[in-house]
Amino acid sequence: MDSITQIVLGAAVGEVAMGRKLGNRAMVWGAIAGTIPDLDVLANFVVDDIAALAFHRAISHSFFFAFTAPALLAYFTARFYKSGAYQNKIYKWVVASIWVLLVGVVLLGINYIPYNKVGSVNPWLFSASAIGIAGLVYLLLKKYVLAQLEEVDLTWREWYWLFFWSIFTHPLLDSCTTYGTQLFQPFSDYRVALNNVSVADPFYTVPFLICLLVARFLTRGSKARKWVNWAGIIISSAYLLWTVYNKFKVNAVFEKSLKKQGLVYSRYTTSPTILNNFLWTCTAEGDTKFYQGFYSIFDEKPEVEEFNIIPKNHALVKDYQNDEDFKTLRWFSKDYYAIIRRRDGELQYNDLRFGIANIEAKGDESDYIFGFILTEDDDGNLHVEEDRSAREQDMTGRFTDLINRILGD
């Protein structure tokens with residue numbers, strides 16, 4: 260799931276593991292450990308789109324990594340605190356600066372990304388962000404940089420316990436999304452994808468985050484702090500269980516609707532749309548085409564009245580079947596793919612499991628959330644590049660359409 264969710268989960272788990280001994284430090288180290296698996300995205304700067312696609316959620320998201328990496332992290336962390344270096348003023352200034360920079364980048368993204376361009380921001384949101392950064396600077400100076408920190412005396416085993424649970428829960432949660440997680444690396448590249456929750460779902464994250472923030476300001480070791488933190492874990496876990504139940508109900512609706520309309524299919528997959536678990540999309544595979552439809556639990560009738568028909572067009576890429584990059588695309592999409600001819604004449608590979616970018620499809624390349632442009636060089640070698648046109652559309656209009664469709668329009 261998204262980075263904020265994984266940070267919250269890691270922090271809450273860290274508090275459960277060592278909150279009584281470390282206080283807020285347990286949350287901080289849990290948040291850091293919960294982020295570590297996603298550092299595999301740094302490979303994006305040095306490899307092409309296909310290699311990055313295969314590498315993300317691979318070894319760093321495996322059970323193997325969850326059991327082995329904490330041993331090394333625990334060793335260096337225990338030595339670091341034993342040395343007393345964490346009390347050094349220069350070190351504290353560096354750490355405080357990094358936190359301000361990271362929070363600043365996140366808030367900058369929140370201000371600019373919805374508008375797709377720099378210079379157009381919501382003044383109220385921008386002001387709130389500036390106040391938040393100023394507050395963070397004040398707290399870091401008073402409570403960290405200029406303060407005498409408590410002594411930390413944890414054993415290697417205790418550090419391992421904190422890091423293990425913070426890292427181990429990360430790929431388990433990611434496995435609930437459509438992208439999939441290679442839990443069994445390096446022994447198998449099979450991707451576990453339960454498709455029961457969106458890659459970003461505020462209904463999961465926000466209550467969890469609120470409980471975590473409240474717990475952070477309660478007295479270390481108190482029953483109130485313990486139960487508030489556990490409340491966040493229990494509420495988020497209950498919601499996750501509800502998404503599984505919801506998926507079974509939605510699947511029954513799609514199966515009934517496909518049968519009623521006489522659509523013959525060999526298999527199908529369902530997944531929630533972005534930011535919610537109320538509106539779902541289904542992709543069913545026929546012989547030469549896919550059938551794709553939407554259903555909201557707020558629809559008047561438990562039925563999908565219309566399915567979009569998407570031709571497979573697999574014949575257009577018959578010459579690429581033995582290409583390694585193309586094999587990776589098929590592996591990633593689990594063969595739920597369709598080919599279209601772009602306006603510029605190039606071919607585009609579309610992973611249909613992620614649905615379409617707009618509730619009302621326009622019939623062109625910008626419809627698809629996860630697409631790849633296929634081109635040949637002068638020597639006839641295939642070159643694959645991710646298509647980002649769907650992400651460059653008006654976000655405000657798309658969000659409004661999404662809300663309306665969730666509500667049954």
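Just remember that the numbering used here sits 259 ahead of the position in the sequence shown, which is counted from 1. For every residue, glycine included, the Cβ atom is placed at its ideal position computed from N, Cα and C. No experiment lies behind these values; they were computed from the predicted model shown.
- Two segments are said to touch when three or more pairs of C-beta atoms, one from each, lie closer than 8 Å; by this definition the segment 438 to 450 does not touch the segment 348 to 355.
- By the neighbour-count criterion, in which 16 or more other beta carbons inside 10 Å mark a residue as buried, Thr542 falls on the buried side.
- Per DSSP, reduced to three states, the secondary structure at Val458 is coil, with no helix or strand assignment.
- Phe553 is bridged by DSSP to Thr540.
- Annotation for Ala597: no alpha helix (DSSP H) segment contains it, though the beta strand (DSSP E) segment containing it runs 596 to 600.
- Note on Ala290: 16 or more other CB atoms within 10 angstroms of its CB, so buried under the neighbour-count rule.
- CA-to-CA, the gap between Ser262 and Asp297 works out to about 8 Å.
- In the three-state DSSP reduction, His429 falls in the helix class (H, G or I).
- In this structure Leu281 does not touch Ala337 by the C-beta definition: roughly 12 Å separates them, more than the 8 Å allowed.
- In the DSSP assignment, Leu400 falls outside any beta strand (DSSP E), carrying neither H nor E.
- Take the alpha-carbon of Ala616 and the one of Phe631: they are about 14 Å apart.
- In the DSSP assignment, Lys548 forms a beta bridge with Pro570.
- Two segments are said to touch when three or more pairs of C-beta atoms, one from each, lie closer than 8 Å; by this definition the segment 496 to 514 touches the segment 534 to 551.
- Only buried fits Val272, as 16 or more other CB atoms lie within 10 angstroms of its CB.
- Residue environment: Pro329 is assigned as buried (16 or more neighbouring CB atoms within 10 Å of its CB, all protein chains considered).
- Of the residues assessed, Ser525 falls on the exposed side of the cut-off, its CB having fewer than 16 other CB atoms within 10 angstroms.
- Under the 8 Å Cβ criterion, the segment 413 to 432 does not count as touching the segment 466 to 486, having fewer than three qualifying pairs.
- Measuring C-alpha to C-alpha distances from Ser625 to each of Gln607, Asp636, Arg612, Val300 identifies Gln607 as the nearest.
- Cβ contact annotation for Pro466 (same chain, cutoff 6 Å, sequence separation greater than five): Ile494, in chain order.
- Counting the other CB atoms within 10 Å of its CB gives Gly278 a total of 16 or more, which places it among the buried residues.
- For Gly491, the uninterrupted alpha helix (DSSP H) segment begins and ends at 482 to 519.
- In the same chain as Val576, and ignoring 5 residues on each side of it, the C-beta atoms closer than 8 Å to its own belong to Phe585, Ile598, Leu606, Tyr608, Leu633, in chain order.
- Note that the C-beta distance between Val364 and Val396 is not below 8 Å.
- When the Cα atoms are used, Lys482 and Asn488 turn out to be separated by approximately 10 Å.
- Linking Phe591 to Ile349 through their CA atoms gives a straight-line distance of about 46 Å.
- Non-local C-beta neighbours of Ile309 in its own chain, meaning closer than 6 Å and more than five positions away in sequence, comprise Asp584, Thr587, Val643, ordered along the chain.
- Across the structure, Phe557 and Thr264 are spaced so that their CA atoms are roughly 26 Å apart.
- Closest option to Ser321, judged by alpha-carbon separation, among Ile295, Leu301, Ala333: Ile295.
- In this structure Ala333 is not in contact with Tyr438, their Cβ atoms being roughly 29 Å apart against a cut-off of 8 Å.
- Within the same chain, Thr587, Phe591 come within 7 Å of Leu312 by CB-CB distance, once the 5 residues on both sides are set aside.
- The residue among Phe324, Ile665, Val411, Met260 with its C-alpha nearest the C-alpha of Glu559 is Ile665.
- Classified as exposed, Val306 has fewer than 16 neighbouring CB atoms from the shown chains inside 10 Å of its CB.
- Between Phe566 and Leu538, the CB-CB gap reaches or exceeds 8 Å.
- In this structure, the CA atom of Phe339 is about 49 Å from the CA atom of Phe507.
- At the C-beta level, Ser457 and Thr532 come within 8 Å of one another.
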